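Q: Those letters in the sequence shown? Residues 17 to 263, per the working numbering, in order.
Input: one structure, supplied below.
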Amino acid sequence: MSTIKKILITRQGRKFYAKNLNEDMHTQYGFIKKEELCKAKEGDLLKSNTKGEFFIFNPYFIDLYRKIKRDAQIIPLKDIGAIVAETGINKQSRVLDAGSGSGALACFLASIAKEVITYEIRNDFIEVVKSNIEFLGLKNIKIKKLDIYREIGDKNIHAIILDLPEPWNALENCAKALKFGGFLVSYSPSVPQVIDFVNAVRKNESFVYLKTSEVIEREWEVEERRVRPKSTGIGHSGFLSFARKVR
Ligand code: SAH
C-alpha cells in the first residue's frame, strides 16, 4: 500500500489523498499540477485547472485510519469512543483484542495505548492486519495466530476487547490474562450473544458485571436555517457489555 503524503480538503469538507507529489492529482473538481503539489506548504490554498479550491495539510492518524483495508466488518468509531471512554485506556495501558479481523480496533487502540496484542485465527486476516499496521506505521502492536477460546499467552493486561461470535467461551482465559480491576469488553451485534455473555459473566466469580449499552449516533444536517437530523445514517452496529476482573 503506498503511503499518503498530503491531505487536500475543499471548503465543503471533501477530502482527497495525495499519494505521489510528483504526479498531477485528479479529482472531480479538476486536476492540480504536480508543480503546485510539490511546492505547496501546509495551509496553502491550491487551485485546480477548473478553479476548484483545496487546502493542504499533512495527514493525521485518523486520516490514514480511514483508508485502511477492511476485509472483516470493523467496529465503528462511535463504539471505539465508548470503549476508550469507559475503560480509560491510555498511554500506560496494555490491551488485548480478539479477533483482529481487519485490525481496525487494534490499530486505533495502539494509537492511544502503550501496547496492543491482537489474536486472530485466520491467515488471510492476519495478512490484512499486518499490512494495516505497516500502513499506519504502528510499532506497539503485535499480532498472534491464536484461538482465544483455547489460550491466551499474555498476562498483566489492563483491558481485553472481544469481537467474536462466542465471547463467553473466552471468559476463563480472559480472567487469567487480566490484572485485578482490568476491564473485559464484549462487542456483539445481536441480543442472543449479549444474553449468553452476560449470563456467563454473572456466573463467573472472577468478574463483576457492569453494564451493557448501545451507542446511537445521529448526524445532523446544518444548512443555513435548515437544521435537522439527516434522513439517512442511523444503523445498528453492536452492543457493548462491560465487566471487571476482581479475583
Ligand atoms: N474488531 C475487528 C473485527 C473483528 S471480526 C476490527 O475492528 O477490525 C471477528 C474476527 O474474529 C474474525 O476475523 C474471525 O476470524 C476472528 N475469530 C473468530 N473466532 C476467533 C477465536 N476463537 N480466536 C481469535 N479470533 C477469532
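Note that beta-carbon positions come from the ideal geometry of N, C-alpha and C, so glycine has one too.
Only a predicted model underlies this, so the values are computations on that prediction, with no experimental measurement involved.
Is it true that the region 222–232 meets the region 244–257, where meeting means three or more beta-carbon pairs spaced less than 8 angstroms apart?
A: Contact between the region 222–232 and the region 244–257 is present, because at least three Cβ pairs lie under 8 angstroms.
Q: With 16 as the cutoff for other CB atoms within 10 Å, does N215 come out buried or exposed?
A: As a working mapping, residue 215 is identified with position 199 in the sequence shown. N215 should be labelled exposed.
Q: Could you pull out every residue in the same chain whose Cβ sits closer than 6 angstroms to the Cβ of L187, ignoring the five residues on either side in sequence?
A: If you number the sequence shown from 1, residue 187 lands on position 171. So the list reads A216, N220, once near-sequence residues are dropped.
Q: Helix, strand or coil: which one does DSSP assign to Y135?
A: As a working mapping, residue 135 is identified with position 119 in the sequence shown. Strand, per DSSP.
Q: Would T134 and S116 qualify as a contact pair, given that the criterion is a beta-carbon distance under 9 angstroms?
A: In the sequence shown, the residue the question calls residue 134 occupies position 118. In the sequence shown, the residue the question calls residue 116 occupies position 100. Contact: yes.
Q: Label V111 either buried or exposed according to how many other C-beta atoms from any shown protein chain fall within 10 Å of its C-beta, with 16 as the threshold for buried.
A: Numbered from its first residue, the sequence shown carries residue 111 at position 95. Burial call: buried.
Q: Given a threshold of 16 other Cβ atoms within 10 Å of its Cβ, counted over all protein chains shown, does K31 qualify as buried or as exposed?
A: Taking the sequence shown and counting its residues from 1, one reaches residue 31 at position 15. Classification of K31: exposed, given that the 10 Å Cβ count is below 16.
Q: Use the C-beta contact count for N148: other C-beta atoms within 10 angstroms, 16 or more gives buried, fewer gives exposed.
A: Start at 1 with the first residue of the sequence shown, and residue 148 comes out as number 132. It is buried - the Cβ of N148 has at least 16 other Cβ atoms within 10 Å.
Q: Rounded to whole angstroms, what is the Cα-Cα separation between H252 and K246?
A: In the sequence shown, the residue the question calls residue 252 occupies position 236. In the sequence shown, the residue the question calls residue 246 occupies position 230. Straight-line Cα distance between these residues: approximately 16 angstroms.
Q: Cα-Cα, which of V144, H42, E240, K261 is closest to K195?
A: Stepping through the sequence shown from its first residue, residue 195 is reached at position 179. K195 has its Cα closest to that of K261, out of V144, H42, E240, K261.
Q: Can you say whether T248 is buried or exposed, counting buried as having 16 or more other CB atoms within 10 angstroms of its CB?
A: In the sequence shown, the residue the question calls residue 248 occupies position 232. Exposed, since its Cβ has fewer than 16 Cβ neighbours within 10 Å.
Q: For the structure I just gave you, are there three or more beta carbon pairs, one from the region 197–204 and one from the region 170–187, closer than 8 angstroms?
A: At 8 angstroms Cβ cutoff, the stretches touch.
Q: Roughly how many angstroms lie between the CA atoms of F141 and A88, to the nearest whole one?
A: Counting from 1 along the sequence shown, the entry for residue 141 is found at position 125. Counting from 1 along the sequence shown, the entry for residue 88 is found at position 72. When rounded, the distance between both Cα atoms is 8 angstroms.
Q: 9 angstroms is my cut-off, CB to CB: does K219 come that close to chain B?
A: Looking for chain B here will not work: only one protein chain is present.
Q: Hey, out of R86, E52, K67, whose CA is closest to E39's CA?
A: By one-based count along the sequence shown, residue 39 stands at place 23. Nearest of R86, E52, K67 to E39, Cα basis: E52.
Q: Since I believe I105 is in contact with L121 (beta carbons under 8 angstroms), could you give me their beta-carbon distance rounded to a whole number of angstroms?
A: Position 105 of the sequence shown, counted from the first residue, corresponds to residue 121. Position 89 of the sequence shown, counted from the first residue, corresponds to residue 105. With 8 angstroms as the limit, L121 and I105 do not qualify as a contact, their Cβ atoms being about 11 angstroms apart.
Q: Determine whether the beta carbon atoms of D79 and I20 lie at a separation below 9 angstroms.
A: In the sequence shown, residue 79 corresponds to position 63, counting from 1. In the sequence shown, residue 20 corresponds to position 4, counting from 1. A contact, by the Cβ cut-off of 9 angstroms.
Q: Starting from the Cα of K160, find the closest Cα among D170, F151, T66 and give me that residue.
A: For this step, residue 160 is matched to residue 144 along the sequence shown. Residue D170 is the option with its Cα nearest to K160.
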